[in-house]
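The structure appears right after this line, and notes come after that.
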DNA sequence: TATGAATGAGCCTTCATTCAT
DNA sequence: TATGAATGAAGGCTCATTCAT
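Residue numbers (the working numbering), protein chains in the order written: chain U, -18 to 205; chain R, -18 to 205; chain C, -18 to 205; chain Y, -18 to 205.
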């Protein structure tokens, strides 16, 4: 009994300083994110962010040197989420796999809402644009590698340039979320996935892959 | 006497008033465009635009109610250029046709340089975003119509959703210019066109279309 | 009659723009001076200066890039007045001459009131300190030259260092105004002049000089 | 046992509380002085002073109500050092005596470095100016008294106003340090002392005084 | 007592917009 | 109509001082 009381007593007012500071920092980050999304980066002032977080203006400057720095902290955590996902072709129905990847990506993006900021930032902040481009190029390379292997196995179209295919794949994946909304259609990830697969594989190869998978699954079932 | 008077009257404001005003307006528009592109919308001041156009600050406000209005006038003329082009499938090799459309689009975009502003504006100006979305939807509808006709003629893939195909086509076309640069490759419009065509047509249909064209050309030649 | 009317009509609203601007600039300068003197340089804000001059904050920045720049403009006109005066020994009673120099200097200083600012500025603004030191050294040199000539004529003390004498003379002249007030005495320039002269000349030489002058005056009287 | 306890008790807060507090206060004073000298009063922040003293910001305000109060405490200890020294004419060569007084004064001033702050403070802080003026007047009175005695003994010039002489003496003494540097000369206290003495005493009186001293010394030697 | 995070008034500066000329 | 000086709201940031722990 006394133990529990101690814990109760001890826990409440003794949130360690560091933790409280971290809390406040997070509050500011969150406020920044919300306001940036709502009003755009340029139109959000440090004062507003502070007010929205329920702290004084000066407090903002204790945790961040700058509006820009807050933004960068925000992006640091999120830059990877903004990247189109890297598919694994190997052992599953490519269409289903892509569809779920796309959906997950879409979900992530919607959760942070930050993607609406990206364009503004890319236009304004060269440094940030460079960082982002590097990240994108890395993913590009990895996807291209995967496609090359599929190509060597004879799974892909023979007459399409793999670089271009990779880029198309990334572009479609990246814009899947916001674009379908813009066109007034409910996002149907399966259909987007089918289009992307069509860019990569001839229909018959997809069928084969799907068949393989079914067999695998059957085998798995049998084993079970 | 009357002659002289006429001359006096006629010579001094030789250029008709309206025309002179139009000239000034155009000068301001041009200055605005250049500065917006160079320094971004927010970081360009009305004073600067006026100075760059060689007029006084106040004059700016005779021709435009607002910095924003100048921007809108600028975009009005250019919004269509920003849209991905609408292809005509009928009577030509689709791949070549698309390739040249893409190249032309790219060229237009680069010429105006305005596309770097779009993101900033979209984030800031909801109204503008709405206008842009409407324009895009219009194009979407027209492209979809064209694809539907091709579908009815049995030219397209049977198993792909036309809405999604349309969207993919637009997305790839829209991002062709800046994205390929980002990935460090020289833009090869032909390859992008091939990818887009693959999304729409089965390879054998494309061959047929290309053959038809050749025949048409041959026929045309023969007629001549 | 009509002429006069024309003038009246023409004159009032046609204060040339430049002149009006100059007027405003002067108003700001004056406000700056008053406030600097009253509250000290650091404690005067640009906003206050503007308000005191009856203009908006922004207007201040049309005429001066900075609070410091206003100050410098202020000093530019006045730096020479701050310097201790350079005496001419030649042909007059040195004590009277010095006394009137001191009085004139004091008057000038009091008129501008700026001298109370100098120390603050010297401490804060290295650049300004350099300028001032240069001006002072120039005067020093000229005074020293004059004393050297007097020395060569055997008019001065033989056993005092002329550099030191020059410096003493400058120091006493410079501080005559504000120091006597500080000590609670009415400034008696004649007495200060006598002290300064005593530093330079033995009493008997001063008598001779005064006698010479009297003779000159007498001669002049006779001529008249 | 009691020994150990004593030790334990004694060792930890070994330094009595008051003394520790005094220590901290002194540390803050010293930090304040250093930073004020280095960066100027206005440009030194309370936080900096605290940090430099190795204590928290809040601690600063336990020992001083104010940044200004710290400054005043600082000056309280030093105000006398800033005053020109009060000479003793009686029993020694006045020139040597003054020379060494001047040198000592100069040294003191340089040691504290505070004199660079005075101007800023005088301009800003009326109260402080009053305090300083009072201190100065006190010294003035004492010096004047000394001179009056000398006057009664017939040692001084008969034709100079003692008030003015006193003021001159103080002024020259006060500015001896920084002014000679400004004029580009190495400070020669002996020469300044000679000038000051010349303001007070006719040369022959000085000789007598110096002679007396020699006699006194001789006598003293003889006694020994 | 000591701490240092928090406060918020206040400074400097910019710029969209107005308006007297 | 054209001009450009004037306006003043608003943003970014600092720092003396307070106060909960």
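The C-beta atom is built at its ideal place from N, Cα and C for all residues, glycine as well.
None of the values given here were measured: they were computed from a predicted structure.
Determine, for residue i, whether the minimum Cβ-Cβ distance to residues of chain U falls below 8 Å.
| i | result |
| --- | --- |
| residue 104 (chain R) | yes |
Distance cutoff 8 Å, beta carbons only. Does residue i sit that close to anything in chain C?
| i | result |
| --- | --- |
| residue 70 (chain Y) | no |
| residue 65 (chain Y) | no |
Residue i and residue j look like a contact to me (Cβ under 8 Å); what is the Cβ gap, rounded to whole Å?
| i | j | result |
| --- | --- | --- |
| residue 101 (chain Y) | residue 21 (chain Y) | 6 Å |
| residue 171 (chain Y) | residue 179 (chain C) | In fact, because the Cβ distance is near 19 Å, the residues do not count as touching under 8 Å. |
| residue 41 (chain U) | residue 27 (chain U) | 5 Å |
| residue 182 (chain C) | residue 137 (chain C) | 6 Å |
| residue 68 (chain Y) | residue 53 (chain Y) | Contact flag wrong, Cβ pair sits at about 29 Å. |
| residue 34 (chain Y) | residue 8 (chain Y) | 4 Å |
| residue 150 (chain C) | residue 132 (chain C) | At roughly 13 Å, the Cβ-Cβ gap does not stay under 8 Å, so residue 150 (chain C) and residue 132 (chain C) are not in contact. |
| residue 124 (chain Y) | residue 145 (chain Y) | Not a contact, Cβ separation roughly 12 Å. |
| residue 76 (chain Y) | residue 175 (chain Y) | 6 Å |
| residue 206 (chain Y) | residue 153 (chain Y) | Not covered by the structure: residue 206 (chain Y). The range shown for chain Y is -18 to 205. |
| residue 10 (chain U) | residue 51 (chain U) | 7 Å |
| residue 87 (chain C) | residue 31 (chain C) | Not quite, the Cβ-Cβ distance comes to about 32 Å (not below 8 Å), so this is no contact. |
| residue 44 (chain C) | residue 105 (chain C) | Not really, about 22 Å apart at Cβ, beyond 8 Å. |
| residue 23 (chain R) | residue 23 (chain U) | 5 Å |
| residue 159 (chain C) | residue 96 (chain C) | 7 Å |
| residue 211 (chain U) | residue 127 (chain U) | Examination of residue 211 (chain U) is not possible in this model, given that chain U is present from -18 through 205 alone. |
At least one CB of chain R closer than 8 Å to the CB of residue i: is that the case?
| i | result |
| --- | --- |
| residue 209 (chain U) | In the structure displayed, chain U extends from -18 to 205; residue 209 (chain U) sits before or after that span and is not available. |
| residue -8 (chain U) | Any reading at residue -8 (chain U) needs caution, since the residue's pLDDT is 41, under 50, leaving its predicted position unreliable; the model's value is listed next. It does not: the Cβ of residue -8 (chain U) has no partner Cβ on chain R nearer than 8 Å. |
Under 8 Å, Cβ to Cβ, is there at least one residue of chain Y near residue i?
| i | result |
| --- | --- |
| residue 1 (chain C) | no |
Counting only Cβ-Cβ distances shorter than 9 Å, please list the residues of the stretch 141 to 158 of chain C near chain Y, keeping chain order.
141, 142, 144, 145, 146, 147, 148, 149, 151, 152, 153, 155, 156 and 157
Relative to chain R, which residues along the stretch 72 to 98 of chain U have a C-beta separation below 8 Å, given in chain order? 97 and 98
Discussion item. Taking beta-carbon pairs under 7 Å, can you tell me which members of the stretch 12 to 42 of chain C lie near chain Y?
Written reply: 21, 23 and 24
Between the stretch 83 to 101 of chain U and the stretch 73 to 92 of chain R, can you find at least three pairs of beta-carbon atoms closer than 8 Å? no
Identify each residue in the stretch 101 to 133 of chain R for which the Cβ-Cβ distance to at least one residue of chain U is less than 7 Å, and report them in chain order.
101, 103, 104, 105, 114, 117, 118 and 121
Within 8 Å, do at least three Cβ pairs link the stretch 57 to 64 of chain U to the stretch 106 to 120 of chain U?
yes
For the stretch 167 to 195 of chain U, which residues have a CB atom closer than 7 Å to at least one CB atom of chain R, in sequence order? 169, 172, 173, 175, 176, 179 and 180
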